[in-house]
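A.B. asks: In our numbering, the protein residues as written are 2 to 510.
The beta carbon of each residue, even a glycine, is placed where N, CA and C say it ideally should be.
Mind having a look at this structure? Questions to follow.
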């Protein structure tokens with residue numbers, strides 16, 4: 002039986018979201034064994050039941066882990082002091098959807114975490130790996146006073162059934178608490194030129210002295226066995242720039258920008274930058290140089306947005322990729338307040354490959370007033386072509402996902418604008434993330450989620466075939482009774498699967 006544990010207060014989750022938003026002897030550290038975190042496969046639309054374990058989880062006669070109101074009242078009447086000690090644990094978790102068919106159905110499996118909001122962020126780590134963060138997971142599990150955060154790294158070519166399938170599990174190497182460790186990471190790259198790939202991970206809420214949430218960059222240097230917590234360095238802004246609440250490393254990208262053979266790091270912080278006359282900062286992207294000794298301790302130079310009148314949240318999102326197909330990497334930096342005439346209109350600055358990025362952006366994309374455009378940016382493929390995609394959560398009723406054609410100077414493709422139907426109306430419902438996946442030779446699926454839709458989150462799907470977008474509707478393959486912030490994150494893991502986060506999930510015992 003389990004030791005009594007208290008659920009992490011919801012207010013702490015709100016704080017972490019607003020700001021962003023024990024060591025192992027080797028790199029193959031396994032998750033905590035205090036609770037099971039693996040669920041069996043379920044069929045296309047019936048994936049709310051766990052693999053049965055009478056000692057751990059209540060199920061009704063049909064094997065469903067939901068309990069009716071009548072059952073709940075009856076259970077309350079019969080609750081003993083001993084029963085009261087085993088009611089619930091905040092685990093977080095993810096759903097993985099696979100084996101899509103042309104009609105948009107899929108198989109699913111659920112993986113629960115060890116606390117700490119597993120599934121809060123999910124992202125790619127280059128061509129080989131993808132990762133899931135539990136930014137408040139503790140050592141030991143569920144001990145909220147020792148929350149270091151944890152990053153689970155998976156091989157894109159392997160089917161994942163549980164957290165035990167992680168190729169690497171990393172904690173903050175100094176076991177610093179409440180630093181947002183693992184919020185994001187850059188694709189692995191060789192920073193010190195030793196021929197091994199290094200991993201750069203965010204700790205955007207790390208304090209520096211009395212400067213809370215200033216942020217720092219954690220570099221795990223590659224070894225013959227991958228990454229571990231013994232070989233690392235930490236970088237942060239210099240005294241010229243560092244301030245409280247910078248959230249530096251909120252976005253990260255890696256590139257040998259100066260061509261000297263050592264990969265460099267671009268780090269964004271939406272609250273960083275010189276203080277404005279009226280208070281606050283614009284947001285900033287800082288360039289950290291790679292050297293034979295590792296990543297430089299402080300920045301070499303910075304990028305700032307052009308608008309200086311108020312906070313622009315520049316650096317909240319960032320991509321380095323060959324966007325326009327000219328075989329040179331381009332830099333896209335988002336800020337959900339980037340426009341002088343519109344308050345919180347949002348925008349994306351694009352710095353084309355082959356140009357001097359310090360001299361300014363070559364393209365700019367802006368959106369409607371107060372839409373917070375650029376809150377999420379991604380590169381996606383539709384119809385075999387690469388597009389830049391961006392979310393404006395306050396555009397229209399529930400938000401808009403828009404797609405931009407790099408071959409046409411990043412003009413929006415209006416026929417692909419993803420808008421949810423108006424009958425879902427609720428002021429709290431907003432799209433929070435999205436991605437795409439190819440489900441047949443001529444059909445792609447756009448999937449967007451939001452943790453406040455329905456009673457516990459929901460995802461919506463629209464097909465794109467021959468350039469025509471269908472009307473979005475509730476995805477056929479999602480759980481019948483989603484909960485726990487389901488839909489907070491949506492991610493194509495590169496293995497023909499969509500991963501959906503439910504970081505607030507509470508497992509009832």
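Could you check whether residue 191 and residue 220 sit closer than 7 Å to each other, using their CB atoms as the reference points?
C.D. replies: Result no, Cβ atoms of residue 220 and residue 191 do not sit closer than 7 Å.
A.B. asks: Kindly indicate the opening and closing residues of the beta strand (DSSP E) around residue 344.
C.D. replies: Unbroken run through residue 344: none, as it is neither H nor E.
A.B. asks: Under DSSP, the beta strand (DSSP E) around residue 363 begins and ends at which residues?
C.D. replies: Looking at the DSSP string, residue 363 is not in any beta strand (DSSP E), and its letter there is neither H nor E.
A.B. asks: Among 345, 268, 301, 411, which has the Cα closest to the Cα of residue 324?
C.D. replies: The shortest Cα separation from residue 324 among 345, 268, 301, 411 belongs to 411.
A.B. asks: Using 10 angstroms around the beta-carbon of residue 262, count the other beta-carbons present and answer buried if the total reaches 16, otherwise exposed.
C.D. replies: The residue in question, residue 262, is exposed, as its Cβ has fewer than 16 Cβ neighbours within 10 Å.
A.B. asks: Using a Cβ-Cβ cutoff of less than 6 Å, which residues in the same chain neighbour residue 505 once the five nearest sequence positions on both sides are dropped?
C.D. replies: If we look at residue 505 and ignore the five residues flanking it on each side, its Cβ neighbours are 485, 486.
A.B. asks: Specify, as a first and last residue, the run of the beta strand (DSSP E) that residue 508 falls within.
C.D. replies: First-last of the beta strand (DSSP E) with residue 508: 507-509.
A.B. asks: Short check: CB of residue 378 to CB of residue 318, under 7 Å?
C.D. replies: In contact: residue 378 and residue 318 (Cβ atoms closer than 7 Å).
A.B. asks: Taking only runs of the alpha helix (DSSP H) that begin and end inside the stretch 219-252, which ones reach a length of at least 4 residues, in chain order?
C.D. replies: Segments of the alpha helix (DSSP H) lying fully in the stretch 219-252: there are none.
A.B. asks: Can you tell which of 460, 481, 114 has the C-alpha that lies nearest to the C-alpha of residue 167?
C.D. replies: If we check each option's Cα against that of residue 167, 114 comes out closest.
A.B. asks: Taking only runs that begin and end inside the stretch 294-328, name each unbroken beta strand (DSSP E) of 3 or more residues, in chain order.
C.D. replies: DSSP runs (the beta strand (DSSP E)) wholly in the stretch 294-328: 302-304, 315-322.
A.B. asks: Hey, how far is the Cα of residue 462 from the Cα of residue 477?
C.D. replies: In a straight line, the C-alpha of residue 462 is about 8 Å away from that of residue 477.
A.B. asks: Report the option in 371, 172, 226, 359 whose CA atom is closest to the CA atom of residue 267.
C.D. replies: Ranking the options by Cα distance to residue 267, first place goes to 359.
A.B. asks: Whose CA, out of 408, 364, 434, 354, lies closest to the CA of residue 391?
C.D. replies: Cα-wise, what sits closest to residue 391 is 434.
A.B. asks: Rounded C-beta distance between residue 245 and residue 214? I'm assuming under 8 Å.
C.D. replies: Going by Cβ atoms, the distance from residue 245 to residue 214 rounds to 7 Å, so yes, they are a contact pair.
A.B. asks: Going by beta carbon distance, what residues of the same chain come within less than 8 Å of residue 440, once the five residues before and after it are set aside?
C.D. replies: The residues are 101, 102, 103, 105, 446, 464.
A.B. asks: If you run the structure through DSSP and keep just helix, strand and coil, what is residue 131?
C.D. replies: Note: residue 131 maps to strand in three-state DSSP.
A.B. asks: List in chain order: all unbroken beta strand (DSSP E) runs of 3+ residues lying wholly within the stretch 102-158.
C.D. replies: 108-113, 122-126, 130-135, 151-156, all fully within the stretch 102-158.
A.B. asks: Got a sec? Which residues, its chain only, sit under 6 Å from residue 381 by beta carbon, not counting five neighbours each side?
C.D. replies: Same-chain partners within the cutoff: 388, 390, 437.
A.B. asks: In whole angstroms, give me the CA-to-CA distance for residue 353 and residue 146.
C.D. replies: Their Cα atoms are separated by approximately 45 Å.
A.B. asks: Give the DSSP-derived three-state secondary structure of residue 282 in the structure shown.
C.D. replies: Here residue 282 sits in strand by DSSP.
A.B. asks: Quick one: Cα of residue 361 to Cα of residue 333, how far?
C.D. replies: The straight-line gap from Cα to Cα measures roughly 12 Å.
A.B. asks: Rounded to whole angstroms, what is the Cα-Cα separation between residue 365 and residue 320?
C.D. replies: Cα-Cα distance, rounded: 14 Å.
A.B. asks: Look at the Cβ atom of residue 187, then the Cβ atom of residue 254, and state whether they are nearer than 7 Å.
C.D. replies: A contact, by the Cβ cut-off of 7 Å.
A.B. asks: Give the DSSP-derived three-state secondary structure of residue 211 in the structure shown.
C.D. replies: In this structure, residue 211 counts as coil in the three-state DSSP scheme.
A.B. asks: In this structure, how does DSSP classify residue 166 when only helix, strand and coil are distinguished?
C.D. replies: Helix, per DSSP.
A.B. asks: What number of angstroms, rounded off, separates the C-alpha of residue 396 from the C-alpha of residue 286?
C.D. replies: Looking at the two C-alpha atoms, the distance is approximately 26 Å.
A.B. asks: The beta strand (DSSP E) with residue 216 in it runs from where to where?
C.D. replies: Careful: residue 216 lies outside any beta strand (DSSP E) and carries neither H nor E.
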